[in-house]
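Engineer:
In this note's numbering, the protein residues as written are 1255 to 1393.
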């Protein structure tokens, strides 16, 4: 019979059901937090093909391809052109942004709808020429 010295003996801490439930809750909260963070982060892309292929909400930046108008459903629509020259129709339930016609670029935040072939925007951000650039060019 082999005797172990007190230094080599392992002590096992009993895992109570309450401890196990606490560990499971911590693991579940970590998994849900990670998934929520991934869903809230929207990738930024300059290509319509990437936005269409991602299958999730993205920030698509491009240039105006049309002045924009309201469709028969009351949605604001316009054509967005990416850096490669590809075009997509953007549809937004929100009203036309102020000074839209002066925009040098547009960021459409939303997702590409495969069935309709439209980019459905939740939000539109426009970049207009700054009043300071206008003043500098007038000099």
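By construction, the Cβ of each residue, glycine as well, lies at the ideal position given by its N, Cα and C atoms.
Are residue 1362 and residue 1382 closer than 8 angstroms when you measure CB to CB?
Structural biologist: Locating residue 1362 in the chain shown gives position 108, counting from the first residue. Locating residue 1382 in the chain shown gives position 128, counting from the first residue. It is not a contact, given that the beta carbons lie outside the stated cut-off.
Engineer: Helix, strand or coil: how does DSSP classify residue 1269 here?
Structural biologist: Taking the chain shown and counting its residues from 1, one reaches residue 1269 at position 15. Under the three-state reduction of DSSP output, residue 1269 falls in the coil class, being neither helix nor strand.
Engineer: So what does residue 1359 bridge to, in DSSP terms?
Structural biologist: Residue 1359 sits at position 105 when you count from the first residue of the chain shown. Residue 1359 pairs with 1381.
Engineer: Would you call the CB atoms of residue 1394 and residue 1332 closer than 8 angstroms?
Structural biologist: Because the chain here runs from 1255 to 1393, residue 1394 falls outside it and cannot be looked at.
Engineer: Mapping the DSSP letters down to three states, classify residue 1308 as helix, strand or coil.
Structural biologist: Against the chain shown, residue 1308 aligns to sequence position 54. In the structure shown, residue 1308 sits in a helix (DSSP, three-state: H, G or I).
Engineer: I'd like the ranges of any beta strand (DSSP E) spanning at least 3 consecutive residues and lying wholly in the stretch 1279-1354.
Structural biologist: 1312-1318, 1330-1335, 1341-1346
Engineer: Here's the rule I'm using: 16 or more other beta-carbon atoms within 10 Å means buried, otherwise exposed. How should residue 1364 be labelled?
Structural biologist: For the purposes of this step, residue 1364 is identified with residue 110 of the chain shown, where counting begins at 1. Burial call: buried.
Engineer: Compute the Euclidean distance between the alpha carbons of residue 1285 and residue 1296, then round it to the nearest angstrom.
Structural biologist: On the chain shown, position 31 is the one that residue 1285 refers to. On the chain shown, position 42 is the one that residue 1296 refers to. Cα-Cα distance, rounded: 19 angstroms.
Engineer: What does the alpha-carbon distance come out to for the pair residue 1299 and residue 1334?
Structural biologist: Taking the chain shown and counting its residues from 1, the one referred to as residue 1299 is at position 45. Taking the chain shown and counting its residues from 1, the one referred to as residue 1334 is at position 80. Their Cα atoms are separated by approximately 13 angstroms.
Engineer: Considering only their Cβ atoms, is the gap separating residue 1314 from residue 1373 smaller than 8 angstroms?
Structural biologist: Taking the first residue of the chain shown as 1, we reach residue 1373 at position 119. Taking the first residue of the chain shown as 1, we reach residue 1314 at position 60. Cβ atoms of residue 1373 and residue 1314: closer than 8 angstroms.
Engineer: Could you tell me if residue 1280 is buried or exposed, where buried requires 16 or more neighbouring beta carbons within 10 angstroms of its beta carbon?
Structural biologist: Counting from 1 along the chain shown, the entry for residue 1280 is found at position 26. Exposed is the call here.
Engineer: Should residue 1318 be labelled buried (16 or more other beta-carbon atoms within 10 Å of its own) or exposed?
Structural biologist: Position 64 of the chain shown holds residue 1318. The residue is buried, with at least 16 neighbouring Cβ atoms inside 10 Å.
Engineer: Thinking just about the alpha-carbon of each residue, which of 1369, 1379, 1377 is nearest to the one in residue 1309?
Structural biologist: Against the chain shown, residue 1309 aligns to sequence position 55. Of 1369, 1379, 1377, the residue nearest in Cα terms is 1369.
Engineer: Quick check: the Cα distance between residue 1320 and residue 1307, rounded to an integer number of angstroms?
Structural biologist: For this step, residue 1320 is matched to residue 66 along the chain shown. For this step, residue 1307 is matched to residue 53 along the chain shown. Going from the Cα of residue 1320 to the Cα of residue 1307 covers about 24 angstroms.
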